[in-house]
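Enquirer: Sharing a structure with you now.
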Amino acid sequence: MSPADAGAATDQAPAATGAPVLDPEPIPMAAAAAAAPGPSGADLRPGPAEAGTDSEDTLDLHLPDDFVALFAERTVPGSAVDDLLGGVGDWGATATPVGAFQLVPVQVERDLPVIGRWMNDPAVAEYWQLAGPQSVTEAHLRAQLDGDGRSVPCLGLLEGTPMSYWEIYRADLDPLARHYPARPHDTGVHLLIGSVTDRGRGLGSALLRAVADLILDKRLSCSRVVAEPDLRNAPSVAAFLTAGFRFAAEVDLPDKRAALVIRDRSLRELL
Numbered sequence: 002m003s004p005a006d007a008g009a010a011t012d013q014a015p016a017a018t019g020a021p022v023l024d025p026e027p028i029p030m031a032a033a034a035a036a037a038p039g040p041s042g043a044d045l046r047p048g049p050a051e052a053g054t055d056s057e058d059t060l061d062l063h064l065p066d067d068f069v070a071l072f073a074e075r076t077v078p079g080s081a082v083d084d085l086l087g088g089v090g091d092w093g094a095t096a097t098p099v100g101a102f103q104l105v106p107v108q109v110e111r112d113l114p115v116i117g118r119w120m121n122d123p124a125v126a127e128y129w130q131l132a133g134p135q136s137v138t139e140a141h142l143r144a145q146l147d148g149d150g151r152s153v154p155c156l157g158l159l160e161g162t163p164m165s166y167w168e169i170y171r172a173d174l175d176p177l178a179r180h181y182p183a184r185p186h187d188t189g190v191h192l193l194i195g196s197v198t199d200r201g202r203g204l205g206s207a208l209l210r211a212v213a214d215l216i217l218d219k220r221l222s223c224s225r226v227v228a229e230p231d232l233r234n235a236p237s238v239a240a241f242l243t244a245g246f247r248f249a250a251e252v253d254l255p256d257k258r259a260a261l262v263i264r265d266r267s268l269r270e271l272l
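Residues in the sequence shown are numbered from 2 upward in steps of one, following this note's numbering.
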């Protein structure tokens, strides 16, 4: 899981503590009813921060051209040997309604500066809790990279440009599994959209749907993709519902009350 949430996006595995920062999209009437806490106080896990609509306290960070160029020149896929997810780095690019998208496993030396800046965006920091010096983000990344491969931190490239941070993790091997009836090979997702200019445009839900489908296509043993966005993060929860996830339950996690949302292989053509 991810940093302090997944909401996204850890002694809950490196993946279970981060809260995904998505864009605030309108919640369809049916979805809103499903996501709203019921009489029993169902717990939803918020995802990304409430997409920072206030530009005064949300940083708008732009990537330097030389950093983007590093990915434009990249032609060799990542290693399929070091993770328990079937080689995320080898999944390749996938077509989405918003452009070609690819998950590229993080390389700390190359990616830490930009990920560290994203984590210091107030809208992101509220849920991921990784603001501060780069060493804070570095420790979070290395905990996953030096682990057993159950969580893979990635940059998301849209049309070749890094614009989001993801954690793809084995939910059945994560502390999250203590809080819901996990199935073997359940795969979890944490997400944050890096720049405020990429939020509020529907990118979050489009990419979540594409990545969930990519996981189901590449991991035939996986029957469900799960996430636990922070219940307070309504835009994140809405993005997951719009992306074809269904609300399953509210769960009390060590660092938040979350919305457990699930994208089922058997329902992927219906939702």
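For each residue, glycine too, the CB sits at the ideal point set by N, CA and C.
Specify the secondary structure class of V137 as computed by DSSP and reduced to three states.
Expert: Helix, per DSSP.
Enquirer: Specify, as a first and last residue, the run of the beta strand (DSSP E) that E168 falls within.
Expert: Looking at the DSSP string, the run of the beta strand (DSSP E) that includes E168 is T162 to R171.
Enquirer: In terms of alpha-carbon separation, which member of D149, V212 and S165 lies closest to G245?
Expert: That would be V212, whose Cα lies nearest to the Cα of G245.
Enquirer: Using a Cβ-Cβ cutoff of less than 7 Å, which residues in the same chain neighbour K219 once the five nearest sequence positions on both sides are dropped?
Expert: The answer, listed in chain order, is G87 and W92.
Enquirer: Mind reading off the beta-carbon distance from V89 to V190? Whole number of angstroms is fine, and I expect it under 8 Å.
Expert: Not a contact, Cβ separation roughly 11 Å.
Enquirer: Does the distance from the CB of R151 to the CB of D187 come in under 8 Å?
Expert: In this structure, D187 does not lie closer than 8 Å to R151 by Cβ.
Enquirer: Quick one: what does DSSP say G205 is sitting in, helix, strand or coil?
Expert: Helix, per DSSP.
Enquirer: Give the list of continuous alpha helix (DSSP H) stretches no shorter than 4 residues that lie fully inside the region 182-231.
Expert: The region 182-231 contains these whole alpha helix (DSSP H) runs: 204-219.
Enquirer: So the alpha helix (DSSP H) G117 belongs to, where does it begin and stop?
Expert: Its alpha helix (DSSP H) spans residues V109 to M120.
Enquirer: E127 by DSSP, collapsed to three states: which one?
Expert: Here E127 sits in helix by DSSP.
Enquirer: Is there contact between the region 235-253 and the region 199-213, where contact requires at least three CB pairs shorter than 8 Å?
Expert: Enough Cβ pairs lie closer than 8 Å, so yes.
Enquirer: When burial is assigned at 16 or more other CB atoms within 10 Å of the CB, is P108 buried or exposed?
Expert: According to the sequence displayed, residue 108 carries Gln and not Pro. It counts as exposed.
Enquirer: Would F102 pass as a contact of L142 if the rule is Cβ separation under 8 Å?
Expert: No, the pair does not count as a contact, with Cβ atoms beyond the cut-off.
Enquirer: Mind checking R171: buried by the 16 CB within 10 Å criterion, or exposed?
Expert: Burial call: buried.
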